[in-house]
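Report on the following structure.
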Amino acid sequence: MNKIDIRTVDVVQYVQPLREGGSLPAIVKGDDGFLYVLKFRGAGQGKKALIAEFIGGELARALGLHVPELVFMNLDNSFSKTEPDEEIQDLLKFSVGLNLGLHFLSGAITFDPLVSTVDAITASKVVLLDSIISNIDRTAKNTNLLKWNNELWVIDNGASFYFHHNWSTWENHLSRTFPLIKDHVLLQQATKLNDAAKAIELLLIKEVITDVISNIPEDWLLDEADSMTPKDKRIAYIEYLTTRLSKIDLLVKEATDAR
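When we follow the UniProt record's numbering, the leftmost residue of the sequence shown carries the number 1, and every step to the right adds one.
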């Protein structure tokens, strides 16, 4: 098993905001010379959205799906001082520290289910992964998928793991399936769910899951409003994912019935 290796990059230039995103992400330049879409820790859902984005992205990559490189990005306090827009100024001020960047895919277009097709096994993997991570935001209204170089790229997993917004009840989610899969943008193209499930079981072994969770920055797991420690939260994420995988047959049936 290849361990994941996440690079850490410093932001050297704020290029432009992406106003189509509710959390106001931005295109920034890193000290490595590349452009990234930066997701801010100071945005609405805060560090929990970054955690969901990170876990979802790295699990998708482990399944062989196309995902832009994810990097940790250091933002210092100099950017907010030169930003004239007050909303962006506040966002930059509250986001000093470690944020999450996705490699910017220049020329990528938003996936449109009316004009684009996806091969059945890829569609099925995306559908089942979103069932596993409880991603409520991959619908026809907001696909959170890109087409780049004629391939499907998975982005924006920040609305996943919604149980972590209330840690006191997280164990209640262990016994649930994911009925909202009925709204998934790729559901109709996901005609190989059983094959995808077999692949997922082979690829998302506990060691892979543990490796992903162990790479979440400690700082992102600290929250005065939560009684759980960062170690407790890591254990909970691993238990949640392994429990979901143990009942992948139920998730397959649920998605098949929804189709």
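We put the beta carbon where it would ideally sit given N, CA and C, even for glycine.
query                                                                                                                                                                             : result
Name the DSSP beta bridge partners of R122, please?                                                                                                                               : Reading off the sequence shown, one finds Thr at residue 122, where the question assumed Arg. T122 is not bridged to any residue.
Would you kindly check if the distance between the Cβ of L98 and the Cβ of D219 is under 8 Å?                                                                                     : yes
Within the same chain, show all residues whose beta-carbon is closer than 8 Å to that of P84, passing over the 5 residues directly before and after it, in chain order.           : none
Taking 8 Å as the threshold (C-beta atoms), are H165 and V127 in contact?                                                                                                         : no
What residue does the beta strand (DSSP E) around G101 start on, and which one ends it?                                                                                           : 97-103
Is the distance from the Cβ of L50 to the Cβ of F104 below 8 Å?                                                                                                                   : no
Expressed to the nearest angstrom, what Euclidean distance is found between the alpha-carbon atoms of N2 and A60?                                                                 : 15 Å
Where do the N-terminal and C-terminal ends of the beta strand (DSSP E) with Q16 fall, by residue?                                                                                : 8-17
Once the 5 residues before and after E69 are set aside, which same chain residues still bring their CB inside 6 Å of it?                                                          : H103
For L24 and L91, which I take to be in contact (beta-carbon distance under 8 Å), what is that distance rounded to the nearest angstrom?                                           : 6 Å
Exposed or buried, what is T143 when buried is set at 16 or more other beta-carbons lying within 10 Å of its beta-carbon?                                                         : buried
Could you tell me if D32 is buried or exposed, where buried requires 16 or more neighbouring beta carbons within 10 angstroms of its beta carbon?                                 : exposed
What residue range is occupied by the uninterrupted beta strand (DSSP E) comprising Y36?                                                                                          : 35-39
Please tell me whether, using a cut-off of 7 Å, the distance from the CB of S80 to the nearest non-hydrogen atom of the ligand NAD is below it.                                   : Looking for the ligand NAD in the displayed structure turns up nothing, as the structure carries no ligands at all.
Nearest to I238 by CA position, among A43, G56, K39, D10, is which residue?                                                                                                       : G56
According to DSSP, is F72 helix, strand or coil?                                                                                                                                  : strand
Which first and last residues belong to the beta strand (DSSP E) in which V208 is found?                                                                                          : It is not in any beta strand (DSSP E) - V208 instead sits in the alpha helix (DSSP H) that spans 206-214.
Go through its chain and collect everything with a Cβ distance to L186's Cβ below 7 Å, but skip five positions before and after it.                                               : V118, A123, V126, V127
Can you give the Cα-Cα distance for A255 and L221, rounded to whole angstroms?                                                                                                    : 32 Å
Alpha carbon to alpha carbon, how far is E58 from S106? Give it in angstroms, no decimals.                                                                                        : 21 Å
Would you mind working out which of S227, L146, S80, K29 sits nearest V67, comparing C-alpha positions?                                                                           : L146
Tell me whether the stretch 167-174 and the stretch 240-251 touch, counting them as touching only if at least three CB pairs, one residue from each stretch, are closer than 8 Å. : yes
Who pairs with K29 in a beta bridge, going by DSSP?                                                                                                                               : Q13, L35
Using three-state DSSP, classify E83 as helix, strand or coil.                                                                                                                    : coil
So residue 272 and R138 are supposed to be a Cβ contact under 8 Å. How far apart are they, rounded?                                                                               : As shown, the chain starts at 1 and ends at 259. That puts residue 272 outside it, with no answer to give.
Distance check for V12 and N77, CA to CA, integer angstroms please.                                                                                                               : 11 Å
Does N157 pass the burial test, meaning 16 or more other C-beta atoms within 10 Å, or should it be called exposed?                                                                : buried
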